Amino acid sequence: MIKFVMVIVISFLFIFFIVQFFLVSQVEEKGKYITLDEVIPEARIISETEGIIEYNGKKFLLGLADLSRKRELINLLRLDTISGYTVVDMRFRRQIIVR
């Protein structure tokens, strides 16, 4: 009888720790959220609902998700300094399309 109770207690503890691990792993660190006009402050907003801005003759199709990360990528890759008329499509999560 004691062995049976020990197995049940150990099983519950094991399940409890597994559930705690999954809960902690699912919690993501919340980043700072910014608005569309903060991505490039000098840019003109073409469509706020679709996340399209224009800066120095370049259109940036940003979408509405994760704008702070997109601002970092624009600065890091210097996408705002590309010469000529271009369209920079950043709506997708893992790719940037420059036309």
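My numbering numbers the first residue of the sequence shown as 13 and each following residue consecutively. Glycine included, each C-beta is placed from N, C-alpha and C at the ideal position. Keep in mind the model is a prediction, meaning the values are calculated, not measured.
1) Could you tell me if K15 is buried or exposed, where buried requires 16 or more neighbouring beta carbons within 10 angstroms of its beta carbon?
2) Grouping DSSP H, G and I as helix and E and B as strand, with all else coil, what is E84?
3) Below 8 Å on the Cβ atoms is my guess for Y67 versus A55; work out the distance and round it to an integer in Å.
4) Around the C-beta of I52, are 16 or more other C-beta atoms found within 10 angstroms, so that it is buried, or is it exposed?
5) Please list the terminal residues of the continuous beta strand (DSSP E) segment that includes L73.
6) Reducing DSSP to helix, strand and coil, say where V99 ends up.
7) In the DSSP assignment, what are the bridge partners of I65?
In short, the structure shows the following:
1) The residue in question, K15, is exposed, as its Cβ has fewer than 16 Cβ neighbours within 10 Å.
2) Collapsing the DSSP output to three states places E84 in a helix.
3) Indeed, because the Cβ distance is near 4 Å, the residues count as touching under 8 Å.
4) That one is buried.
5) Annotation: the continuous beta strand (DSSP E) that includes L73 extends over K70 to L73.
6) Secondary structure of V99 (DSSP, three-state): strand.
7) Per DSSP, I57 and F72.
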